[in-house]
Amino acid sequence: MILGIYTATTTAQEGKVADKRRQFDLEQATEFRQQAICDKFLDDIYKLEKDGYLNEEKNPWAFANARFRAAHRQWDAICKADILQFLKENQLIGRKPNIKNRAVKKVDNIIHLNDLNFDNISLTSPTGSLNSLNLEYVVFDQVSMINARFSFVNLRETSFSHSRLNNVKFSDSSLAYASFDSTELDGTDFGNTNMIGVEFSNIDLCTTTLTEIQLQQIVFTNSILPNSSICGQEKTTSTPSMITISTTEALSTSQSIFPNIPANARWVQNGTTVAGGHGQGNVTNQLNYPFSLFIGDDQTMVIADYWNHRIMQWKMGDMNGQVVAGGHDQGNRLDQLNRPTGVMIDRETDSLIICDQWNQRVVQWSRRSGTTQGEILINDITCFGLAMDDQRYLYISDSGENAVTRYQLGNNSGTIVAGGYGEGADLEQFNWPRYLFVDRQQAVYVSDYYNHRVMKWNKGAKEGIVVAGGQGQGNASTQLYRPTGLFVDTLGTIYVGDETNDRVMRWSQGAKEGTVIVGGNGQGAAANQLYTPTGLSFDRHGNLYVADYENHRVQRFSIE
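Residues 1445 to 2004 (our numbering) are what the sequence shown spells out, left to right.
In structure tokens:
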């Protein structure tokens, strides 16, 4: 028996030694491979330079060749630094050539073009094949391309940043999954170009030509659409790349995700649990009656974890969340929360703004590492939901006063912009307003909980308009039963959580009845069921996220 124990112990020790040896060998092999890749690239570039292939007049684009694209993702930080130093010393990067009034017939394998002038250039493929003129993955940064022409060009996953593309014509090209950030597109015509997955950020598209199909393919963030009501208003440009308009209609800085969801969009009916779902509890993979949620620019999700008196942050794909506010038991200290109902991310200050309902206050918590407590923004308010407009005015649904009040950050005195005429069912009244949404025109949408309706108050209005429900409580397509989470897309379509009916409804602009988009399959915990849905949100791709209150989870329903 003793011999057996000794043998087992020896075998275990030998196994540990062997594992360490294998790990060491793997690390050595990885290091040697990195060095080999790095050395091979430098050797290739040296030979090209020696042979005159990198001469700017002979071949201005040769430096950014396919070897670079294939290899650079595999380099470690040390190798990348060595290569950048080598390229700079040999003046192979950092040049600013001017290619003006020329026609370029074939330009292959460009990586990163910075501060170039391509005015009046014509980029065409001699064969009509996209592969013959392949600008895939190219980064155009601060580039001028006024009056340029793209014909049969592969621009898949290219990036145009802080550039001028005024009066550019695209035809029979592919811009799939490309991105345009802070780029001028005045008079630009995208023709019949493939625009699937394209992202426009901080763009004025008033004079840009896009088809109806293209508009449905694109993801818009902080952008003015061609049919926007503010098109035609006076605007100025402070720099060649940054678009500014009058201060009454500034570009969004806070509610930054406005996905362009097609009117006939459908969602997968079986949801995927992306937070919680491990029963009711207070460990980091659990939630305890989540009330609301907010999706940030980077797909990070923050959740008001009601009965745990905390705000949880969940990064997509993570099994566990992280406590980012509260979590120190129920209380009214600055490091505590008491049944939070609403939360949002203020991108400009990189902070959380929280409805700390049972403490009757609104608090702000920095998202920076090391933050241990919040600061009070607004006191003595029965806050339930909140939203921020493009001018950084904060809107709070005050359930105690049956009103929505607007605040300027830093000022504890607000202005009532909806309701405020006591509890009731008249058009100027609310009965326990919950969640709200503010659009680009500063119209306020409110889920009027016990009136079983969604109200819209236009800016300056004295009474609201019923835009969903309002036919009494029930489960018919014309009815809601205690509406909760609320979202309005760029087409004016309303998405609302229908709490007691365990479903999420969609109401097209002006529609008299809604349609069920997810849930509605009875109360339960199956993938196609909800149990008291409360908050909801969309990511930039149009995927729907629902706080499934009684199931202690957040469900994602992917757009089809």
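For every residue, glycine included, the Cβ atom is placed at its ideal position computed from N, Cα and C. Keep in mind that this is a model prediction, so the values were computed, not measured.
Can you tell which of 1659, 1711 and 1718 has the C-alpha that lies nearest to the C-alpha of residue 1704?
-> It is 1659.
Rounded to a whole number of angstroms, what is the C-alpha to C-alpha distance between residue 1960 and residue 1714?
-> Rounded to whole angstroms, residue 1960 to residue 1714 spans 14 Å at the Cα level.
In whole angstroms, what separates the C-alpha of residue 1826 from that of residue 1856?
-> 14 Å
Cα-Cα separation between residue 1859 and residue 1928, rounded to whole angstroms | Approximately 23 Å between the Cα atoms of the pair.
Closest by C-alpha distance to residue 1868, when choosing among 1892, 1887 and 1853 = 1892
Which residues in the same chain have their Cβ closer than 6 Å to the Cβ of residue 1740, if we skip the five residues on either side of it in sequence?
-> 1789
Limits of the beta strand (DSSP E) - the one that residue 1766 falls within = 1766-1770
Distance, Cα to Cα, residue 1551 vs residue 1580?
-> In this prediction, residue 1551 has a pLDDT of 40, which is less than 50 and means its spatial position is unreliable; what the coordinates show is noted afterwards. Residue 1551 and residue 1580: Cα-Cα distance of roughly 11 Å.
Ordered along the chain, which non-local residues of its own chain (more than five positions away) have a Cβ less than 7 Å from that of residue 1743?
-> Closer than 7 Å at the Cβ level, and outside the excluded window around residue 1743, lie 1760 and 1983.
Secondary structure of residue 1917, DSSP reduced to three states | In this structure, DSSP gives residue 1917 an extended state, which the three-state scheme calls strand.
Can you list, in chain order, the residues of its chain whose CB lies under 8 Å from that of residue 1574, leaving out five sequence neighbours each side?
-> Note that residue 1574 scores 35 on pLDDT, short of 50, meaning its location in the model is unreliable; the coordinates nonetheless yield the value given after this. Closer than 8 Å at the Cβ level, and outside the excluded window around residue 1574, lie 1596, 1597, 1598, 1617 and 1618.
To the nearest angstrom, report how far apart residue 1980 and residue 1930 are at their CA atoms.
-> 7 Å
Between which two residues does the beta strand (DSSP E) containing residue 1656 stretch?
-> Run containing residue 1656: none in the beta strand (DSSP E); it sits in the alpha helix (DSSP H), 1656-1661.
Whose C-beta lies closer than 8 Å to the C-beta of residue 1812 among residues of the same chain, with five residues either side of it excluded?
-> 1794
Own chain partners of residue 1986 with C-beta closer than 7 Å, once the 5 adjacent residues on each side are dropped | So the list reads 1703, 1705, 1709 and 2003, once near-sequence residues are dropped.
Reducing DSSP to helix, strand and coil, say where residue 1865 ends up.
-> coil
Contact set for residue 1953: own chain, Cβ-Cβ below 7 Å, skip 5 residues either direction = Same-chain partners within the cutoff: 1935, 1936 and 1937.
Excluding the five sequence neighbours on either side, which residues of its own chain have a C-beta within less than 7 Å of the C-beta of residue 1906, listed in chain order?
-> 1872
Got a sec, what are the start and stop residues for the beta strand (DSSP E) residue 1594 sits in?
-> Looking at the DSSP string, the run of the beta strand (DSSP E) that includes residue 1594 is 1593-1595.
Closest residue to residue 1994 among 1840, 2000, 1943 and 1836 (Cα-Cα distance) = If we check each option's Cα against that of residue 1994, 1943 comes out closest.
Residue 1933 versus residue 1949 - alpha carbon distance = 13 Å
Thinking just about the alpha-carbon of each residue, which of 1758, 1908, 1835 and 1997 is nearest to the one in residue 1885?
-> 1835
Exposure label - residue 1556; buried when at least 16 CB within 10 Å | In this predicted model, residue 1556 has a pLDDT of only 48, less than 50, meaning its place in the structure is not dependable enough to derive any value.
Report the rounded CA-to-CA distance for residue 1846 versus residue 1721, giving the unit in angstroms.
-> 34 Å
Does any CB atom of chain C fall closer than 7 Å to the CB of residue 1961?
-> Among the chains in the structure shown there is no chain C, since it carries only a single protein chain.
Pairwise C-alpha distance: residue 1890 and residue 1940 | Looking at the two C-alpha atoms, the distance is approximately 10 Å.
Going by beta carbon distance, what residues of the same chain come within less than 6 Å of residue 1614, once the five residues before and after it are set aside?
-> Excluding sequence neighbours, residue 1614 sits near 1594, 1634, 1635 and 1637.
Own chain, CB closer than 6 Å to residue 1771, minus 5 neighbours either side, in chain order | Same-chain partners within the cutoff: 1754.
Using DSSP with H/G/I as helix, E/B as strand and the rest coil, what is residue 1837?
-> strand
When the Cα atoms are used, what is the spatial distance from residue 1966 to residue 1815?
-> 42 Å
When we look at the beta-carbon of residue 2008 and count the other beta-carbons within 10 Å, is it buried (16 or more) or exposed?
-> Residue 2008 lies beyond the stretch modelled for the chain, which goes from 1445 to 2004, so this question has no answer here.
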